[in-house]
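Step one of this worksheet: look at the structure below.
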Amino acid sequence: MANMGIKRRKAGTLEAGGLSWRWVAAPVLVGVLSLLWLHVFAPPPPTTEMQLRAFEAWIRQHGGRIGNVQLAAFPGMGIGVQTTSDITEKDEVLYLPRDLV
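Residues in the sequence shown are numbered from 1 upward in steps of one, following full-length UniProt numbering.
Encoded structure:
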């Protein structure tokens with residue numbers, strides 16, 4: 001039976017073609033530690049609230065105006081518009097420039 005390139009070392013450990021366990025364990029350890037680092041220190045995904053505020057900021061940056069309303073998530077119903085204070089007749093609630101539509 002051929003030994004297929006595997007030889008015994010003096011301490012009784014196996015070595016395949018001159019490749020010791022340290023050459024395999026070190027990159028694996030680095031990979032595991034890197035994944036752990038990314039998992040622990042990665043920023044959390046943005047919440048719906050954060051996404052809505054970012055969208056409102058984008059509207060304002062592009063010439064839109066948002067009056068006494070804000071975008072809000074309504075459980076079981078989706079996303080809609082919610083008032084932030086009283087609105088009277090002829091108040092501008094929302095203005096979107098034509099190029100945003």
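Ideal Cβ placement from N, Cα and C applies to all residues, glycine included.
- Taking Cβ positions, are T84 and Q70 nearer each other than 8 Å? yes
- Task: Taking G63 as the reference, give the member of S34, H39 and V101 with the closest Cα.
- Result: V101
- In chain order, what residues of the same chain lie with their CB nearer than 8 Å to the CB of E56, ignoring the 5 residues before and after it? I66, Q70 and L71
- Item | Nearest residue (CA-CA) to P97, options I79, W58, I87 and G80 | Closest by alpha carbon: W58.
- Task: Could you check which residue in P45, A26 and N68 has the C-alpha nearest to that of L94?
- Result: N68
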